[in-house]
Amino acid sequence: MTDTTPAGTETPPAGGTAPSEWRVAGKLGPEKTDALVISCSDRRYRRPMEHFLFKELGLENYDLLAVPGGVYMLSFATVLPKQLKLGMQMVKFIVKNHLVPRIVLIAHKDCGRYREGFASWMRRPDFDIVDKQKHDLQETVEALRDAFKDVRVDAYYAEEDIGDSVTFRPVGEA
Ligand SMILES: [Zn+2]
5 MTDTTPAGTE TPPAGGTAPS EWRVAGKLGP EKTDALVISC SDRRYRRPME
55 HFLFKELGLE NYDLLAVPGG VYMLSFATVL PKQLKLGMQM VKFIVKNHLV
105 PRIVLIAHKD CGRYREGFAS WMRRPDFDIV DKQKHDLQET VEALRDAFKD
155 VRVDAYYAEE DIGDSVTFRP VGEA
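If you read the sequence shown in the numbering used here, its first letter stands for residue 5, the second for the next number, and so on.
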């Protein structure tokens with residue numbers, strides 16, 4: 005057999021073949037969760053966000069719904085009704101099936117989804133994308149509080165600092 009492994013990829017151990025399964029440490033526990041976190045899928049914020057949720061909010065076991073723009077999928081009912089419907093279906097499924105007591109919404113500065121979605125608005129002198137994101141967070145907080153009366157809903161806005169840190173600030177009355 006000739007070696008057809010592309011350069012730069014892992015080669016199987018000498019004399020062996022690549023494994024057909026991988027066993028990793030993990031104890032799953034019940035599906036019930038501490039919270040549902042809805043955030044942007046941007047990988048840059050994932051570690052700081054995990055740190056914030058665990059160390060600062062005490063949320064160790066949370067479900068994560070990470071999509072481009074986070075609450076972007078739950079906003080714009082008039083222009084993107086199908087997106088909102090799909091988003092709410094996903095949220096309802098998790099809240100109902102995983103007995104969610106709390107929803108945490110997190111948006112971040114310089115979000116690519118918002119930049120693309122509002123590209124044509126950026127030149128308007130009265131348009132501020134950070135204000136828009138915070139407005140959408142607040143509106144989504146209210147919509148989710150309406151939809152899930154027994155669920156606590158808070159929102160935070162994350163921003164990279166000068167230096168190696170990220171600050172999370174509550175939006176609205178979080
Ligand atoms: Zn983003």
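We put the beta carbon where it would ideally sit given N, CA and C, even for glycine.
All values reported here derive from a predicted model rather than from experimental measurement.
Check: residue i C-beta below 7 Å from any heavy atom of ligand 1
| i | result |
| --- | --- |
| R117 | yes |
| H112 | yes |
| G121 | no |
| D192 | Here the chain has residues from 5 to 178 only, and residue 192 is not among them. |
| G33 | no |
| G91 | no |
| P72 | yes |
Counted within 10 angstroms of its Cβ, other Cβ atoms place residue i as buried (16 or more) or exposed
| i | result |
| --- | --- |
| V83 | exposed |
| I166 | exposed |
| Q188 | The chain is shown only over 5 to 178; residue 188 falls outside these bounds and no answer can be derived. |
| V104 | buried |
| A123 | exposed |
| A81 | exposed |
| S24 | exposed |
| M53 | buried |
| M5 | Residue placement at M5 cannot be trusted, given a pLDDT of 46 that sits under 50; what the coordinates show is reported in the next sentence. The residue in question, M5, is exposed, as its Cβ has fewer than 16 Cβ neighbours within 10 Å. |
| L32 | exposed |
| G62 | exposed |
Helix, strand or coil at residue i according to DSSP, with G and I counted as helix
| i | result |
| --- | --- |
| T6 | Because the pLDDT of T6 is 46, which lies under 50, any placement of that residue in the model is unreliable, and the question is left without a value. |
| L84 | coil |
| L68 | strand |
| D158 | strand |
| E146 | helix |
| E60 | helix |
Proximity winner among the options, relative to residue i (alpha-carbon distances)
| i | options | result |
| --- | --- | --- |
| F56 | V108, R127 and S45 | V108 |
| K116 | Y76, V28, L68 and S169 | In the sequence as presented, Lys is not what sits at residue 116; that position holds Gly. The shortest Cα separation from G116 among Y76, V28, L68 and S169 belongs to Y76. |
| E143 | D130, D158 and F131 | D158 |
| Y49 | D168, E177 and V175 | D168 |
| A39 | F172, V155 and P174 | V155 |
| G73 | T37, K100, L88 and R106 | L88 |
| E120 | V99, I110, I133 and P129 | I133 |
| E60 | E164, Y160, R127 and E177 | Y160 |
| L68 | K113, F152 and V41 | V41 |
| V71 | L90, A147, F58 and E64 | L90 |
Residue i: CB within 7 Å of a non-hydrogen atom of ligand 2
| i | result |
| --- | --- |
| E163 | By its list of ligands, the structure shown excludes ligand 2, since it contains just ligand 1. |
Problem set entry | Any beta strand (DSSP E) of 3 or more consecutive residues that is wholly inside the segment 86-140 | List check, beta strand (DSSP E) in window: 106-112.
Exercise. What are the uninterrupted segments assigned as beta strand (DSSP E) that are 3 or more residues long and contained completely in the segment 24-56, given in chain order?
Worked result: Taken in chain order, the complete beta strand (DSSP E) segments of 3 or more residues contained in the segment 24-56 are 39-43.
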